[in-house]
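One structure below.
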Amino acid sequence: MKVFEAIADAVVAHGVDTVFGLLGDANMFLVADLVDRHGVRFVAARNENAAVMMADGYARTTGRCAVATVTQGPGLAVAGAALTIARQARTPLVLIAGDTPPGDPLHVQSFDQQPYALATAGRFVPVTGAGTAVRDVGLAFRAARELPGPVVLNAPIDLQEESVPAGTAAAPPVLPRPPRPLVPDSADIEALARRLRTADRPVLLAGRGAEPAADAIRELADRSGALLTTTLMAAGLFTGHPYDLGVAGGLSRPPTRRVLAGADLVVTFGAGLNRWTADHGSLFSNATVVSVDVDAAAIGARWSVAAGVVGDAGETARAVSALLPATERPHWRSPELAAELATADPFADLYIRSTVDRIDPRAFIRICAERLPRERTTVVGVGHFGGWPNLLLDSAATDRSFVAPWEFGSIGVGLPFAVGAAVGRPDRPVVAFEGDGSLLTGLGELDTLARVGAPVLLVVLDDAAYGAEVRKLAPRGVDPDLARFPDRDFAAVARALGLPAWTVTDEAGARAAFDAVLPLTGPAVLHVKVRPDVVQEKF
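So, in structure tokens, the structure goes:
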């Protein structure tokens with residue numbers, strides 16, 4: 001048995017049935033073996049960066065450890081941004097990277113892959129010998145799953161062709177160990193209970209890390225008379241509760257923003273509390289903030305807090321509830337507020353102003369709210385365009401159904417993450433929002449979407465510019481034409497690659513396009529030409 005075959009055996013033993021990647025000299029026989037001998041599905045991307053993003057999207061929507069593979073040298077180098085995104089998101093992901101022979105330092109594709117992997121993924125596991133390949137694969141998967149985060153498993157091309165010594169143990173099946181809930185310190189629980197008892201207008205804010213604790217946090221809110229809210233990444237966690245304020249942050253809707261301004265205590269659970277969630281400190285500037293997180297280093301790292309509780313969100317919420325008497329706060333949890341939240345319409349006070357040849361993006365999102373299936377995965381890329389679906393479209397983040405890979409601020413993420421999400425969760429359609437400038441950084445992945453054939457509706461919100469840069473250049477007196485570009489026919493490009501596509505310039509055209517594309521049974525593209533002068537102030 002060759003080393004590349006032993007690596008394939010070990011990868012499959014870890015429960016892998018799907019691999020994303022791009023072929024090259026240093027991984028093509030590994031991929032062929034995975035496909036031919038093990039029946040693994042190989043999703044071939046057109047760019048290594050996109051391949052790793054697809055694996056990331058797959059992991060985020062399934063909760064499984066994803067696998068991607070690239071070749072040596074430029075193959076790994078091109079994937080750097082995607083690895084950094086996965087590192088910041090703590091995505092469990094193993095990237096199997098080929099490498100040039102150590103004895104050939106003048107190889108045209110040679111560069112020192114270890115420091116590059118450490119600077120991007122953060123972890124590097126080398127396949128050190130023919131007899132250790134199975135062990136090394138296991139080390140990579142354990143690190144990816146249990147830390148969690150991406151790991152580069154590095155396999156030199158010459159080593160892959162060596163024979164595994166006789167008697168080397170086969171790859172054992174490995175089951176990931178579920179993490180034990182982190183029990184908070186009793187003194188911290190008592191201190192938090194005192195704060196909730198004495199607060200006049202408390203709010204409980206849940207982030208993505210608190211999704212398993214939703215019931216416990218809801219019960220704590222009811223017991224303490226607190227209101228509920230979430231980060232964007234946990235949107236929909238408390239849907240149906242009469243005192244759910246919705247999303248907190250720069251994308252808060254007016255009623256939420258008004259109520260949070262009056263809070264005197266905000267307790268966060270599993271929330272990063274970054275500058276967007278706090279809206280640069282303006283959202284609940286009069287409140288004492290306490291953070292609950294399993295990671296002590298995360299507490300106060302992005303925004304100052306008065307106190308922290310290191311512990312599991314559910315364990316903490318239940319322990320605090322046990323110390324609190326049932327509290328009524330009719331001035332805070334009023335029937336009037338419940339009625340306002342129940343009837344709130346995000347589109348009610350908008351002044352929609354479309355033109356003859358370009359639709360107001362808010363008008364288009366209003367049609368999306370009416371027509372898109374509620375059971376879907378929503379992917380929103382990075383750029384000014386992303387403010388509209390995130391502010392106005394109710395996209396539940398529960399059950400891993402919302403993906404916004406903003407961790408590194410990299411554009412070009414929407415389409416590849418959508419492909420990975422669709423491969424991971426074929427039971428529900430994917431709706432992905434992307435900008436024109438962002439799409440053009442990885443236009444070749446339209447071909448990947450066409451080949452995969454998954455039910456992905458790619459919505460391209462096209463303002464013929466890098467919209468965020470236009471809005472930042474002009475106030476400084478710099479010519480914004482630097483960030484403007486000619487109109488391009490994305491629908492024609494999509495159709496040339498085998499994708500059904502429609503161009504939308506007005507509301508009638510948008511409704512007609514949805515009539516044609518829904519229900520979504522395969523890939524499709526909506527090229528939506530939006531007004532470039534409609535600004536999302538809180539982007």
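Going by UniProt numbering, the sequence shown opens with residue 1, and the numbers climb by one from there. Ideal placement from N, C-alpha and C gives every residue a C-beta, glycine not left out.
Considering only the beta carbon of each residue, do residue i and residue j sit closer than 8 Å?
i: L227; j: V267; result: no
i: F417; j: V459; result: no
i: M54; j: G453; result: no
i: V133; j: V108; result: Looking at the sequence provided, one finds Ala at residue 133 rather than Val. Not closer than 8 Å, so no.
i: A313; j: V290; result: no
i: L76; j: Q113; result: yes
i: A264; j: D345; result: In the sequence under discussion, the amino acid at residue 264 is Asp, which differs from the Ala named in the question. In this structure, D345 does not lie closer than 8 Å to D264 by Cβ.
i: D279; j: G249; result: yes
i: V530; j: L473; result: no
i: G149; j: R90; result: yes
i: T355; j: P455; result: no
i: A216; j: A317; result: yes
i: H38; j: V12; result: yes
i: G131; j: V403; result: no
i: P519; j: L499; result: no
i: A8; j: D33; result: yes
i: A140; j: L153; result: yes
i: V430; j: T377; result: yes
i: E537; j: A363; result: no
i: D447; j: A464; result: no
i: F20; j: A59; result: no
i: P92; j: R145; result: yes
i: T277; j: T256; result: no
I'd like the span of the beta strand (DSSP E) that includes residue i, first residue to last.
i: P202; result: 202-206
i: G414; result: That residue, G414, is in no beta strand (DSSP E); its alpha helix (DSSP H) goes 414-424.
i: G98; result: 93-99
i: T69; result: 66-70
i: F42; result: 41-44
i: G21; result: 18-21
i: L526; result: 524-529
i: V183; result: No beta strand (DSSP E) holds V183; DSSP gives it neither H nor E.
i: F124; result: 124-126
i: T503; result: 501-504
What residue range does the alpha helix (DSSP H) around residue i cover?
i: V493; result: 490-496
i: D33; result: 28-38
i: N154; result: Premise fails: N154 lies in the beta strand (DSSP E), 150-156, not in any alpha helix (DSSP H).
i: L118; result: 113-120
i: P389; result: 387-392
i: residue 586; result: With the chain represented from 1 up to 539, any question about residue 586 goes unanswered, as that position is not in the structure.
i: M53; result: 48-62
i: residue 553; result: As displayed, the chain neither begins before 1 nor continues past 539, which places residue 553 out of reach and without an answer.
i: Q88; result: 80-89
i: E146; result: 133-146
i: G509; result: 507-517
Would you mind giving the Cβ-Cβ distance between residue i and residue j, rounded to the nearest angstrom? I have them listed as a contact below 8 Å.
i: E219; j: A234; result: The pair is not a contact, with the Cβ atoms about 17 Å apart (cut-off 8 Å).
i: A261; j: F238; result: In fact, because the Cβ distance is near 20 Å, the residues do not count as touching under 8 Å.
i: T503; j: A491; result: 5 Å
i: V534; j: D360; result: 6 Å
i: T51; j: L30; result: Here residue 51 turns out to be Ala, not Thr, going by the sequence shown. The pair is not a contact, with the Cβ atoms about 14 Å apart (cut-off 8 Å).
i: L205; j: A221; result: The pair is not a contact, with the Cβ atoms about 10 Å apart (cut-off 8 Å).
i: P184; j: A319; result: 6 Å
i: V310; j: L182; result: 7 Å
i: A121; j: L83; result: 4 Å
Considering only C-alpha positions, which residue in the set the options is nearest to residue i?
i: S401; options: G236, P523, V382; result: G236
i: A143; options: S186, V94, P102, A187; result: V94
i: A68; options: R195, T18, T168, A117; result: T18
i: A348; options: N49, R366, V309; result: R366
i: T343; options: D427, G246, G262; result: G246
i: N49; options: A81, V152, R37; result: A81
i: E190; options: T521, N27, L323, V12; result: L323
i: L391; options: V380, G207, V70; result: V380
i: L273; options: S282, G207, L196; result: G207
i: V127; options: P150, P156, R428; result: P156
i: A66; options: V151, E340, L106; result: V151
i: D99; options: A117, Q88, T505; result: A117
i: L415; options: E407, W388, L443; result: L443
i: residue 554; options: F111, V403, L518; result: Outside the modelled stretch of the chain, which goes from 1 to 539, sits residue 554, for which no answer is possible.
i: S321; options: D244, A298, N47, S224; result: S224
i: P101; options: I85, E162, G412; result: E162
i: F4; options: S186, V78, I96, T61; result: I96
i: L439; options: F385, V43, A516; result: F385
i: P373; options: R180, R428, G240; result: R428
Using only the heavy atoms of the ligand FAD, determine whether one of them is closer than 7 Å to the beta carbon of residue i.
i: A313; result: The ligand FAD is absent from the structure shown, which contains no ligand whatsoever.
Which runs of the beta strand (DSSP E) fall wholly inside the region 430-478 and span at least 3 residues, in chain order? Runs found: 430-435, 456-462.
Curious, which full-length alpha helix (DSSP H) runs of at least 4 residues does the UniProt domain "Thiamine pyrophosphate enzyme central" (189-319) contain? Counting whole runs of 4 or more residues, the UniProt domain "Thiamine pyrophosphate enzyme central" (189-319) contains the alpha helix (DSSP H) stretches 214-224, 254-261.
Can you list the beta strand (DSSP E) stretches of 3 or more residues lying completely in the region 332-382, in chain order? Segments of the beta strand (DSSP E) lying fully in the region 332-382: 377-380.
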